[in-house]
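J.: Heads up: the sequence lines are chains F and C, in that order.
380 is the number that the working numbering gives to position 380 of the first sequence; each next residue is one higher, with no gaps.
282 is the number that the working numbering gives to position 282 of the second sequence; each next residue is one higher, with no gaps.
Below you'll find the structure I mean.
Protein chains: 2
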Amino acid sequence: MPAVITDTIETLLEKKKYSSLRDVLSTMNEADIAAMFEDISDDSIPLLFRLLPKDLAADTFALMQTDSQELLIRGFSDSELKEVFDELYVDDAADIIEEMPANVVKRILKNTDPDMRRVINEILNYPEDSAGSMMTTDYISLRPMMTVNEAIKRIRRTISEAETVYICYVTDDNRKLTGSLSVKTLLLSAPDDKICDIMDKSVICVHTHDDKENVAKDMNKYDFVTMPVADDEGRLVGIVTFDDAIDVMQDETTEDIERMAAINPTEESYFKTSDIKHARNRILWLLILMLSGVITGGILKKYESAYAAIPILATFIPLLMSTGGNCGAQSSTMIIRGMSLDEIRLRDFLRVIFTEVGIALIISVILAVGSGLWIWITEGDLKIAAVISLSIVGIVTISQFIGCTLPMLAKRCSLDPAVMAAPLITTIVDAASVLIYFFIASKFFNL
Amino acid sequence: MPAVITDTIETLLEKKKYSSLRDVLSTMNEADIAAMFEDISDDSIPLLFRLLPKDLAADTFALMQTDSQELLIRGFSDSELKEVFDELYVDDAADIIEEMPANVVKRILKNTDPDMRRVINEILNYPEDSAGSMMTTDYISLRPMMTVNEAIKRIRRTISEAETVYICYVTDDNRKLTGSLSVKTLLLSAPDDKICDIMDKSVICVHTHDDKENVAKDMNKYDFVTMPVADDEGRLVGIVTFDDAIDVMQDETTEDIERMAAINPTEESYFKTSDIKHARNRILWLLILMLSGVITGGILKKYESAYAAIPILATFIPLLMSTGGNCGAQSSTMIIRGMSLDEIRLRDFLRVIFTEVGIALIISVILAVGSGLWIWITEGDLKIAAVISLSIVGIVTISQFIGCTLPMLAKRCSLDPAVMAAPLITTIVDAASVLIYFFIASKFFNL
């Protein structure tokens, strides 16, 4: 959205041109309005929000940031609060409530109608990362013996409550899912066709307690707009919509990326997190990694006499450590991403190791020859050049081996492989690099 | 999909139970069949594929890996080839053709009907990363003056060609997009309602030459199932479907993650890439980063006399370098991810710097006090402890400053911020760390 719209709205606000404002806002998409609210001063939000038509207001509300939502709720009268929440889809309402402080939650639940309150409480009861917590109960269910005509009538009757009508689900007398039907099939069929004859009988669904990351992956795999959710008895209890699945995928990726950089992941966005909280998310890993810096230092200290005797040895420490660290980071990143996209599975363990060692051989020979020649020419010392070249072969191979095995071992132990990423591996590799280097150097120089 | 299904199919194949195989395959989802083809021997694929019902065969074909598709195409008769491609949606067909070698492309285009050939050629003509290259031309367009009844009739007539019917687009006499309409609205309206009265008039569309990453971001922002694509004259020429948008988002994220680990991104999956190619994707950055290891080494060499005189100074190099590198990696990762999610924009430049320096102060004080005390206790040398503590404050601050500014400057110069990630920043930070350390040390020890 161009920033110009925000400027226009601010100017209209200053000039108190409320009826023009209402017109401008009505032409805008809810996502753009929600984004605009982030750029505008907090004082103006309640006024602007009240200018929105009822539907648009609820849709916009669902897309706003948590703190703006809270600001609005605190300013709402009870009837305004009820009006907005009655218009929301239950999954959005549940998402919002989950983020609010307890006193706000109490006020919201007091002001929603009993049916919705019951459903919201049900959704809130599912574990935070489960399919149940992200589903909506606003879906259309049909019966196998209905005709297409009856089905369309039923859809028309219940449609206004449903979040999507793209796919209808067919359930039997026990509410068990028996098939699904796209609107496309429905529109293509004759009015008297029986639903059970035209429905897609291959039932793919997830369970309320399934991890929501897996739900998103399955929806992506099957290209589903909605995914049905069944309870422990196999009864259809809700659906997950594609927009929520995309959000989950993005959150999980952000979490992975943050973990890979040794940051404790949070759900809040960058600017919504306080400096103290940012620091807290980063300090723990820094301390752990520093400890291992101490270990590498300890190893170096053991060889103090070596570089006291031949000081030039110390000048190659950064080169070797960073090469090892970078190779390890490359391997671990490829493996972690490959596993999160399901391209690499645990049973590929040996295949991955062979691949990485193969790559390591190619890379290490190039790097060893290149750096060896460079050192020989610039330093004129063949012995040092040989030590560095040999060390590089050893360091690159070990680094890629560690870089590919640790994430897979983490997964084997049901840990998040991303925790084993660059920083941790770099630090382990650092110690290994120094050991290999001084082992080879001490052989060559009889230290 | 449980591996058991693959075992069952292999057993049925061995026993030549083709009619049972056909039954088993018919109950499976196309995505599962495509995944199963990856696990089974190449020789069995053509036979199994020919057992699939026609629709399912085309759907499965669209989801298969490129090399399996090529294997099948090479084995197809001309009529089989035509049969499969006639059933495909044009965007899928164009995607497949894009990956094939020239002689296969020629054979495919010879065997598709002229209409489809024209459309495929059009899509293939758009730049690789553009909205045009990922769109499909199979969509339903309505006219503003139609009634709901007429619209439904038109939908029924054209629906079998359309990839999705969830959203219909309304165009005027010049094929300009004037509104959109969900099936939900259509089903809720009276048969005589005019389309122009019930359609959503806020037109949000992308252009054929827009970057496909931005298309995916917009679809996510607006929660769109489909996004209309207009040409330079504003005429509707196609739509992008959500499943393709999700794939683009995932590919872009993988690219980011690989770049952040100093790997040249490829489109192929891990095991489809040869060792040589893997090595080629990694070696360039390793060489560049090694060069900067040489620079850090050069700086170290300048201080050779310092650690020859006080060898214990060298043992803290790994600790300081890794702390700097990790802090820089944390900052750059937060900024790069924030920018790719549009949470951080270029105009937030100063705000980001203030935030990161604020965080750096908190973190550096904790790390400095911790490590200072530790060194004082274990080494019993207050002077060394002071040097390390002071160095840490300087190094952490500089690292986070470099870590947050470089990705933003890269974006300012229209480069991918991910290129400025951990490895490059670590290496720059390494040099800075060594300089700061020996500068402080030389002041304290009068070196």
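A virtual CB, placed ideally from N, CA and C, is assigned to each residue, including glycine.
Taking a contact to mean a Cβ-Cβ separation below 8 Å, would you say K212 of chain F touches D95 of chain F in this structure?
T.: no
J.: Can you tell which of C:D231, C:I5, C:D138 has its C-alpha closest to the C-alpha of N174 of chain C?
T.: It is C:D231 whose Cα lies nearest to the Cα of N174 of chain C.
J.: Classify V365 of chain F as helix, strand or coil using the three-state DSSP reduction.
T.: helix
J.: Taking a contact to mean a Cβ-Cβ separation below 8 Å, would you say T136 of chain F touches T296 of chain F in this structure?
T.: Using a Cβ distance threshold of 8 Å, T136 of chain F and T296 of chain F do not count as a contacting pair.
J.: What's the C-alpha gap between V104 of chain F and F76 of chain F?
T.: 11 Å
J.: By Cβ distance, which residues of its chain are closer than 7 Å to T426 of chain C, with the 5 residues on each side in sequence left out?
T.: Only G325, G328, A329 meet the Cβ criterion.
J.: Give a yes or no on contact between the segment 332 to 348 of chain F and the segment 399 to 408 of chain F, applying the rule of three or more CB pairs nearer than 8 Å.
T.: yes
J.: How would you write the range of the alpha helix (DSSP H) that S414 of chain F sits in, first residue to last?
T.: Careful: S414 of chain F lies outside any alpha helix (DSSP H) and carries neither H nor E.
J.: In chain F, which residues lie less than 7 Å from F316 of chain C when you measure between Cβ atoms?
T.: G297
J.: Going along the chain, which residues of its own chain have a beta-carbon closer than 8 Å to the beta-carbon of I299 of chain C, five neighbours each way excluded?
T.: Scanning its chain for C-beta atoms nearer than 8 Å, with the 5 sequence neighbours on each side dropped, one finds around I299 of chain C the residues A431, V434, L435, F438, in chain order.
J.: Along the chain, where does the beta strand (DSSP E) containing C168 of chain F start, and where does it finish?
T.: 167 to 171 is the extent of the beta strand (DSSP E) around C168 of chain F.
J.: Which class does K176 of chain C belong to by DSSP, given the choice of helix, strand or coil?
T.: strand
J.: Out of C:L63, C:T253, C:S19, which has the shortest C-alpha to C-alpha gap to E30 of chain C?
T.: The shortest Cα separation from E30 of chain C among C:L63, C:T253, C:S19 belongs to C:L63.
J.: Taking 8 Å as the threshold (beta carbon to beta carbon), is N446 of chain C in contact with chain F?
T.: no
J.: Using the C-alpha atoms, what's the distance from M36 of chain C back to Y18 of chain C?
T.: 17 Å
J.: Rounded to whole angstroms, how far is the Cβ of A216 of chain C from the Cβ of M249 of chain C, which I believe are closer than 8 Å?
T.: 5 Å
J.: Would I363 of chain F and V396 of chain F be called neighbours here (beta carbons separated by less than 8 Å)?
T.: yes
J.: Between the Cα of I440 of chain C and the Cα atoms of C:A418, C:G358, C:L320, which residue gives the shortest distance?
T.: Of the residues C:A418, C:G358, C:L320, the one whose Cα lies closest to the Cα of I440 of chain C is C:L320.
J.: Would you kindly check if the distance between the Cβ of G132 of chain C and the Cβ of I123 of chain C is under 8 Å?
T.: yes
J.: Considering Cα atoms alone, identify which of F:F49, F:S41, F:D43 is closest to I33 of chain F.
T.: When each option's Cα is compared against that of I33 of chain F, the closest is F:F49.
J.: Taking only three categories from DSSP, how would you classify M1 of chain C?
T.: Model confidence at M1 of chain C stands at a pLDDT of 45, short of 50, so the residue's coordinates are unreliable; what they give is reported in the following sentence. Note: M1 of chain C maps to coil in three-state DSSP.
J.: Specify, as a first and last residue, the run of the beta strand (DSSP E) that M227 of chain F falls within.
T.: Boundaries of the beta strand (DSSP E) harbouring M227 of chain F: 226 to 230, taken from the DSSP string.
J.: Which parts of the segment 185 to 233 of chain C are runs of the alpha helix (DSSP H), unbroken and 4 residues or longer, counting only runs that do not cross its ends?
T.: 195 to 198, 212 to 222
J.: In chain F, what lies closer than 8 Å to A230 of chain C by C-beta?
T.: Per Cβ cutoff of 8 Å: no residues; A230 of chain C is ~17 Å from chain F at best.
J.: Which residues mark the beginning and the end of the alpha helix (DSSP H) in which L236 of chain C is found?
T.: Segment 236 to 241 is the beta strand (DSSP E) holding L236 of chain C; no alpha helix (DSSP H) there.
J.: When the Cα atoms are used, what is the spatial distance from R235 of chain C to G293 of chain C?
T.: 55 Å
J.: Return helix, strand or coil for S77 of chain C, following the three-state DSSP convention.
T.: coil
J.: Ignoring anything shorter than 3 residues, give me the beta strand (DSSP E) runs that lie fully in the segment 90 to 177 of chain F, in order along the chain.
T.: Counting only runs of 3 or more, we get 167 to 171.
J.: Mind reading off the beta-carbon distance from Y139 of chain F to Y169 of chain F? Whole number of angstroms is fine, and I expect it under 8 Å.
T.: 6 Å
J.: T254 of chain F to M219 of chain F, Cα distance in whole Å?
T.: 19 Å
J.: Quick check on the burial criterion: 16 or more other C-beta atoms within 10 angstroms. Buried or exposed for K106 of chain F?
T.: exposed
J.: Assign R118 of chain F to buried or exposed, taking buried as 16 or more other Cβ atoms, counted over all protein chains shown, within 10 Å of its Cβ.
T.: exposed
J.: For C327 of chain F, which residues in chain C fall below 8 Å Cβ to Cβ?
T.: R282, L286
J.: When you compare the CB of Q330 of chain C with every CB in chain F, is at least one pair closer than 8 Å?
T.: yes
J.: Below 8 Å on the Cβ atoms is my contact criterion, and I expect Q65 of chain F with E38 of chain F to pass it. Report the Cβ-Cβ distance as a whole number of Å.
T.: 6 Å
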